[in-house]
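Numbering (this note's numbering), first residue to last: 1148 to 1504.
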Amino acid sequence: MIILEKRANPSQVWAFATPVLAVVLTMIVGGILFAALGKNPFVTIRTIFLDPLFSEFAWFYRPQLMIKGAPLVLIAIGLSFGFRAGVWNIGAEGQYIMGAIFGAAVGLALYPMELRLIFPAMVITGAFGGFLWAMIPGLLRVKFGTNEILVSLMLVYVAEQLLASMALGAMRNPDGMGFPGSRNLAQYASATSWINESAGMHWGVVTAFIAVIFAYVTLARHMFGFQVRLAGQSPRAAAFAGVNPQRLVLICLGVSGALAGMAGLFEVAGPAGQISIDFNVGYGFTAIIVAFLGRLHPVGILLAGGLMALTYIGGEIAQSNLGLPGAAIQLLQGMLLFFLLAVDVLTNYRIRIGGTA
């Protein structure tokens, strides 16, 4: 008989070991899945996890790791504040979309001007768009006690409809011969050429690293970071310490929304280049996996973002070279979260068999 016995204190060893074990289990079960699809599991796993780092084309893929990982890290850093405080923003995908729409609107409204101030204005407006969209579930929770999980998630589908409407209507390129999608925004992208134009490096990468440093200092040294940790660990103790729970909800959702909005703007002004119907690719949802895989710690999120970016790039290589279906890569990413949550039980519980240790 298998019994789960609650630990007196969470195991620090398992807290650090579970992400590694989750990755290993994902590779093993993923390999079995690939074998069932008729693919060589060892070649497929190598293609996904190693080829972008060590193949003959790795010099090209390595910058792409940062480009793919930057929006994931930005969004996950914002989510981590709320998750630590018990504020569950599941709608970062919608905030990512709204940030792209708001920021792109500024660039398109000023087209074809090329003033240096346009791109900073786009960044600020993109962050504001994500912030506004996050405030909807925030204000509804504070004023009416609604569940921010459901509200933020439902708003994703509203944002997707607005995105389609913009791509087909108000933001459609008048010179695009009727095809959906906005003008190309690359002319504003100091976003794509500031670091390395040929590699596509952009300001979003820099901002992601800044966000990691900011989050680390805030959580470790600032009073707000202490309030976030305290609210998540013991709401009653936080109340006695004078933490205002309503203000904390609004700040956490505002920060996560603003960072998700910035991620959307950097993507639309950089790699994506335009507002289109299929602009959003699930970064807002994948960032949830990144946040938990990184243990809600800024440095952990940075590493987890790189790992998840690796699955995106390696998955594209596997689809192209091995004929692997795209759904298999999405399943692999989902398994990563599943195994992380499953193995994470061992952080707070120990397994006893037959009532003995």
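For every residue, glycine included, the Cβ atom is placed at its ideal position computed from N, Cα and C.
In the DSSP assignment, find the unbroken beta strand (DSSP E) run with residue i in it and report its ends.
i	result
Glu1152	Ile1149 to Lys1153
In the DSSP assignment, what are the bridge partners of residue i?
i	result
Tyr1208	Answer is none; Tyr1208 lacks a bridge partner.
Tyr1496	Lys1153
Decide if residue i is buried, meaning its Cβ has at least 16 other Cβ atoms within 10 Å, or exposed.
i	result
Gln1421	buried
Arg1330	buried
Ala1504	Legend: pLDDT at Ala1504 = 45, less than 50; position of this residue unreliable, value from coordinates given subsequently. So Ala1504 counts as exposed.
Glu1295	buried
Gly1389	exposed
Met1148	exposed
Val1171	exposed
Ala1338	Low per-residue confidence applies at Ala1338: pLDDT is 44, beneath 50, and the placement is therefore not dependable, though the value from the model is reported in the following sentence. Answer is buried; the Cβ neighbour count reaches 16.
Ser1299	buried
Pro1472	exposed
Ser1448	The sequence as given places Ile at residue 1448; Ser does not occur at that position. The residue in question, Ile1448, is buried, as its Cβ has 16 or more Cβ neighbours within 10 Å.
Tyr1243	buried
Taking residue i as the reference, which of the options has the closest Cα?
i	options	result
His1349	Gly1470, Ile1175, Ile1149 and Ala1217	Ala1217
Asn1512	Leu1219, Arg1154, Pro1157 and Ile1179	For residue 1512 there is no data in the structure shown, the boundaries of the chain being 1148 and 1504.
Arg1154	Thr1293, Leu1309 and Asn1495	Asn1495
Ser1423	Ile1192, Met1313, Gly1238 and Ile1283	Met1313
Gly1292	Thr1194, Ala1475, Asp1198 and Val1234	Val1234
Ala1317	Ala1252, Leu1262 and Ser1227	Ala1252
Gly1225	Ile1214, Val1298, Gly1238 and Leu1302	Gly1238
Gly1351	Gly1379, Val1446, Thr1433 and Leu1212	Leu1212
Ala1311	Pro1392, Ser1299, Leu1400 and Pro1327	Pro1327
Ala1451	Ile1175, Val1375, Arg1499 and Pro1166	Pro1166
Leu1406	Val1270, Leu1264 and Asn1156	Val1270
Leu1395	Met1282, Leu1297, Ile1150 and Ile1248	Met1282
Phe1439	Ile1360, Asp1491 and Asn1320	Asp1491
Gln1159	Ile1498, Leu1493, Tyr1430 and Arg1368	Leu1493
Ser1202	Ile1464, Leu1469, Leu1479 and Pro1188	Ile1464
Phe1275	Leu1255, Val1437 and Ala1410	Ala1410
In the DSSP assignment, find the alpha helix (DSSP H) that holds residue i and state where it starts and stops.
i	result
Leu1397	Pro1392 to Ala1416
Ile1296	Glu1295 to Leu1315
Arg1193	Pro1188 to Phe1196
Ser1202	Premise fails: Ser1202 is in no alpha helix (DSSP H) and is neither H nor E.
What distance in whole Å lies between the Cβ atoms of residue j and residue i, which are believed to be in contact at a cut-off of 8 Å?
i	j	result
Gly1246	Gly1229	Incorrect: roughly 17 Å between the Cβ atoms, too far for contact.
Ala1475	Leu1180	7 Å
Gly1401	Gly1481	Not really, about 29 Å apart at Cβ, beyond 8 Å.
Ile1248	Pro1418	About 17 Å; that fails the 8 Å criterion.
Gly1379	Ala1268	Rounded, the Cβ-Cβ distance is 35 Å, inconsistent with contact.
Ile1498	Leu1200	At roughly 35 Å, the Cβ-Cβ gap does not stay under 8 Å, so Ile1498 and Leu1200 are not in contact.
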